[in-house]
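Trainee: This is the structure, below, for whatever I ask next.
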Amino acid sequence: MPSFDTVLEADLVEVRNAVDNTSKEITTRFDFKGTSAAIELKEKEITLFGDADFQLQQVEDILRNKLTKRNVDVRFLDIDKAQKIGGDKVKQIVRVRNGIDATLAKQIQKHIKDSKLKVQASIQGDSVRVSGAKRDDLQAAMALIRKEVTEMPLSFNNFRD
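Next comes the structure, spelled out in structure tokens:
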């Protein structure tokens, strides 16, 4: 039975490269000289450091530009609010989303069920498997998912005939 998986996966190698490039730019920019502006990556969590909220915003803009240049969708980023740390320093945590959460998976499943296509959607961990009898129905389901779920950069893999 033909099927495909709907997944939410960021290219973590490109994310790491973008963070490294952002760090290099922070060290060379004149407006960051003598400040505590920095960025670091641990697994799927990016931490931005700065002297003020304005500086955090500048670091975040640099990161967004570097991610865009490396073809990583910025919708993968889940940005928390800035937190004060010792003295007048601030930090901000940015998580890189990986895997479809339960509410989004149920939403995708509901869209497919409401569309009256002859396909079935099943939640499998952090992905949604869509299976059907005809290839054309699966392609219609892909188009439907792309149209209905625009807030997340979903991709499709594991297409089987």
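Per full-length UniProt numbering, the very first residue in the sequence shown carries number 1; after that it's consecutive.
All C-beta atoms in this analysis are idealised placements derived from N, C-alpha and C, irrespective of residue type, glycine included.
Can you give me the C-alpha to C-alpha distance between L41 and D78, rounded to a whole angstrom?
Mentor: Cα to Cα, L41 sits roughly 14 Å from D78.
Trainee: Apart from the five residues just before and just after D51, which ones in its own chain have a Cβ nearer than 8 Å to its Cβ?
Mentor: Result list for D51: T35, S36, A37, D88, K89, V90, in chain order.
Trainee: From K106 to L138, what distance separates their C-alpha atoms?
Mentor: Rounded to the nearest angstrom, the two C-alpha atoms are 18 Å apart.
Trainee: According to DSSP, Q120 sits in a beta bridge with which residue or residues?
Mentor: Bridge partners of Q120: S131.
Trainee: So if DSSP puts Q92 in a beta bridge, which residue, or which two residues, is it bridged to?
Mentor: BP columns for Q92 point to L48.
Trainee: Once DSSP output is grouped into helix, strand and coil, what is the label at V7?
Mentor: If DSSP states are grouped into helix, strand and coil, V7 belongs with the strands.
Trainee: Using the Cβ count rule (16 or more neighbours within 10 Å means buried), how would you classify A18?
Mentor: Counting Cβ neighbours within 10 Å, A18 comes out buried, since at least 16 surround it.
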